[in-house]
Structure formats: C-alpha cells, structure tokens
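Have a look at the structure below, then the notes.
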Amino acid sequence: MKKKEKLHSIFLAPTVLLLFVVIVSSTNSIATEQNISPTSNTCVYVTNFGSNTVSVIDIATNIVTATVKVGTSPIGIAVNPAETKVYVTNQGSKNVSIIDIATDMVTATVDVGNNPEGVAVNPAGTKVYVANAGDNTVSVIDAITNTIKATVPVGIAPNGVIISPDGTKVYVENTGDNTVSVIDTATNTVTATVIVGNRPCGIEINPKGTKIYVTNFGSNTVSVIDTATSTVTATVDVGDGPYGVSVSLDEAKVYVGNAGSNTISVIDTATNKVTAIVAVGDAPNGVAVTPDGTKVYVGNAGSNTVSVIDTATNKVVDTVNVESIPVALGLTHIRPLTVLDTTTTLSSSIDQYKFGQQIKLISIVDAPLQGTRKPSGIVTFMDGTTQIGNGNVTSGQATLMTSSLSTGLHSITAEYSGDNSFKSSTSPPLILTVLEPGLEQQSSPMNNSPFKGILATISQNPLVSSIIATVIGGIIVVIIQDKYLS
2 MKKKEKLHSI
12 FLAPTVLLLF
22 VVIVSSTNSI
32 ATEQNISPTS
42 NTCVYVTNFG
52 SNTVSVIDIA
62 TNIVTATVKV
72 GTSPIGIAVN
82 PAETKVYVTN
92 QGSKNVSIID
102 IATDMVTATV
112 DVGNNPEGVA
122 VNPAGTKVYV
132 ANAGDNTVSV
142 IDAITNTIKA
152 TVPVGIAPNG
162 VIISPDGTKV
172 YVENTGDNTV
182 SVIDTATNTV
192 TATVIVGNRP
202 CGIEINPKGT
212 KIYVTNFGSN
222 TVSVIDTATS
232 TVTATVDVGD
242 GPYGVSVSLD
252 EAKVYVGNAG
262 SNTISVIDTA
272 TNKVTAIVAV
282 GDAPNGVAVT
292 PDGTKVYVGN
302 AGSNTVSVID
312 TATNKVVDTV
322 NVESIPVALG
332 LTHIRPLTVL
342 DTTTTLSSSI
352 DQYKFGQQIK
362 LISIVDAPLQ
372 GTRKPSGIVT
382 FMDGTTQIGN
392 GNVTSGQATL
402 MTSSLSTGLH
412 SITAEYSGDN
422 SFKSSTSPPL
432 ILTVLEPGLE
442 QQSSPMNNSP
452 FKGILATISQ
462 NPLVSSIIAT
472 VIGGIIVVII
482 QDKYLS
C-alpha cells in the first residue's frame, strides 16, 4: 500500500495533459472542434517531475528541441488558447512557471498554494486555475498581471482541473474525497459536487463540453459525467491505476493511461467500451492526442520516455527519451515561433591526408540568441557543388566520416538545413589537401593562407626527386626537382 501511495504522489497531474489533446480555441478551455491539421511546428511540452525541467518535442521529427528549467517537481501543464504561454505547476516550490513559447524561456513565476498540481486556462486566456492539493483550494490567477485574484475552497486533495468550452464552469477532481467540484467562474464558488470512483486522478472534457471523463486510480475505472445534470451516467472498466486521459477531437475515442499495467485503454465513446489496449512504457501518466487524431503521445514516468502511438493501428511507432519522471503533456498546434539566425562552422580531424584515408568532418551549428532551444535538422557536407554526405544535428553538432575525396585540393562546406526554430546557414569553405598514394607529407600548413603548403617525396618515379607545392601571393606554385639535375 505504501508503494502505491508513493506512486500516487508522483503521478498526480495526468489531468493536465489531456487539456492539450485537441485544438486550442476561444470556445474551449484548451480545446475546440476546429479542423486544424498539425503543422511542422506542432510541439508537445512534457513536465519532468524528477529533473525540474520541461522537454519540448517537435512532433514532425519526434526530437526534443529544447529543455526548459522550471521550478521544483513540475507536475501540471497548460497552454493558453493563443498558444503564446505555457503554465507549469511546480509541486515542490509551490509556484507556477510561465514559459514564453516563442523563446522557450521562463518569463514569470507566480506563488500559489501548497502542492499545486492541475492547471487550466480559460477560453479568453485571462484566467488560470490551479488546484492546490495541500490546501484543498483552487487559486485563480489573473493572466494579465500574474497575480492571485481569488482562492476557492474545494474538496480534499484537488488534483485535475478543466474548464467548460464557454468558460462558465471549472471542474476540479478531488483525489482525497472521491468527488468532482463544479465552480461557477462568475462567483468563484462551488455550485455542485459529483461523486465518482475511488481516488480520482485525471479529468478531461470533450470538445462540445457535454461529457467529462474522470480516471479513478483506486477502482480502475473511468467515470463519465453528463455536464447538463452533473451526474455520472456511465462507468468504464480500464487497466490498473488509470491516471491520464485524453479525448480525440472528433470525440469518438478516449485514451486512458494505466500507470499500474503500463498500457493505454482506448474507449469508444458511443458504447463506453474499451476497444483496444496498447502496451507502452513504464508507469504511463500524461496523455495527449494530436489535432488530427493520428497520434497519441504518452509520458511514461517510470521509463523517462514518451511513447508515440499511431491511432490507425494502435501501435507504438516511436519512443522519445526525455528527462526524469515525465508526468504531464501539453500540446501546441500552430506554434508562433521566432525563427533565429544561425552560424555554421566546419573543421576536420586533419587538414592534409593520403588518398583513401578516412577523416572526420565536424560541423557546429550555433545560435547565440537561441535561449534554451537547440538547432535540429540536417547538415549537408559539400565538396564544391558535389554532395559528400549528410549528418543529423545533435546538440548543435553534426559529423561525417569520409574517405571518398580524390587527390588534390578540395573546398568543403557544411550547409545547415534549418528547422522550425532556426534559419539555414552555410559554413565558410574548409580547404583540404589529399595526397597522391605513396606521397609522404613533410610540411605544415602555411600561415594566413586559404591553401596548405605541401612538401612531398615521391619514391615511385625515378626521374623526380621531390615536389614542392606552396602559395605565393595567392598563386599556387609547384616546383618539381629532377634528381639528375639536382
């Protein structure tokens, strides 16, 4: 029992991730039924409870493009409807970090109650609601001034928070007393309390605002609430220890992360039956569906990964490594990025080498104004106008091993492709010298010259003693010594 209690303390924010399962708009707290397809700059934000960071994943590549330092034990996450800010609740430091999406940097921190967990933003983007599990309250933050405007008493150990599409009601699931509190946003008072299953942990509302789905960790079920009557109309059996929950944009499917059985249950909303079970990583918590419904992202708190599920096949098609204990996911759809300039440089393991010898080309992609974001994408290595090969950019660097260059001088460049956050750039040329087979290099490169001086001895030719190639006044001068004349 103690072990399960510890797990529960770690996995308290699944509710928040679902908020970004669908498209953000002014008609829903986090989502609406707009037909917007995910673009190449759609990103998933993942709170890493154990490392005090937020990972940013580009869903076009499933690559982590930034890691943002936030407060202590980040657990809940929400994106405002304009998709300019990300709100992260920090359970350990009792505050909310506000991330600027354009720069992936924390621009403000707001103190709230004890053990803040769930967080949601109203459709207008003017108010942020935070569930404080340690105080049994909800803090109401003015998003314009970043100050607390109200504190609302709710049930015991409130965790997840969602908002109705019209912004008039806030729903808070209370883990400690197995209830959902309904708050009137006009008066900041609780107007109804709905009894659900044992130890509710996750909560989500469908895009139309007619149904609420609550995961009950202690009873391995999902409660379905009719928002018109504030009553439970169905209870669905799922896996062991359900936490995160997310509804597809078309409202046809509900995805539930089962932390105890390492699976995702797929519920058909028409029948309230589980139609598929998908094996994922260890202790799945956060769940988020892409806007077009083709992919589901799952934060696996026990394996420090994010599983990517293809909804057509209900199979995991990719796994993304993140930092320690990922628990909640937020999804932006049309990310308003500032595309930054880059500088690409190129070097090699050696500048002069024999034909057929392997060398390493090293390209560094730098962006001095990048903040916490790191360039990703591809670097193409060119020999003049001829492509040598490609290298993936990892931590701002791409490399290529090659032995294909012909003898002579080569002008090598590295062309960075750019990505959604960074502009393309090309390095200055790097001049490499490839010696003929059988030649021995004896000189070092000339100073202040784009070319390299060479002193080589030819042993195969009985008529030639030596060749000296150098640069004088920008002109290559080759001196051949005849052994019979020297």
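Numbered per this note's numbering, the sequence shown spans residues 2 to 487.
Ideal placement from N, C-alpha and C gives every residue a C-beta, glycine not left out.
- Between the C-alpha atoms of A253 and V215 there is a straight-line separation of about 16 Å.
- 7 Å or more divides the Cβ of A329 from the Cβ of I164.
- CA-CA distance, T222 to P376, rounds to 43 Å.
- Within 10 angstroms of the beta-carbon of V162 lie 16 or more other beta-carbons, which makes it buried.
- In the structure shown, I102 falls within a coil segment according to DSSP collapsed to helix, strand and coil.
- In the structure shown, L250 adopts coil according to DSSP, grouped into three states.
- Contact between L347 and S325 does not hold, since their C-beta atoms are separated by about 35 Å, which reaches or exceeds 8 Å.
- When secondary structure is reduced to three states using DSSP, G198 falls in the coil class, being assigned neither helix nor strand.
- Counted as a single uninterrupted DSSP element, the stretch harbouring F423 is not any beta strand (DSSP E), since DSSP gives it neither H nor E.
- Minimum Cα-Cα distance from I389 among the listed residues A368, S396, L410 and A415 corresponds to A415.
- Between the segment 197-206 and the segment 170-187 there are three or more C-beta pairs closer than 8 Å, enough to call the two in contact.
- In the three-state reduction of the DSSP assignment, S52 falls in the coil class.
- Note on geometry: alpha-carbon atoms of I76 and N96 lie some 11 Å from one another.
- Here D105 is not near V65, since their CB atoms are 7 Å or more apart.
- Put simply, the backbone Cα of P82 is about 26 Å away from that of T192.
- Around G219, the same chain offers N199 and R200 as residues with beta carbons nearer than 6 Å, after the five sequence neighbours per side are excluded.
- Cα atoms of A134 and N322: separation of roughly 29 Å, rounded to the nearest angstrom.
- Cα atoms of V87 and H411: separation of roughly 48 Å, rounded to the nearest angstrom.
- The beta carbons of V129 and I149 sit no closer together than 7 Å.
- For N96, DSSP records a beta bridge to N91 and D112.
- Shown here for T85: same chain residues with a beta carbon closer than 6 Å to its own, the five before and five after excluded, namely I102 in chain order.
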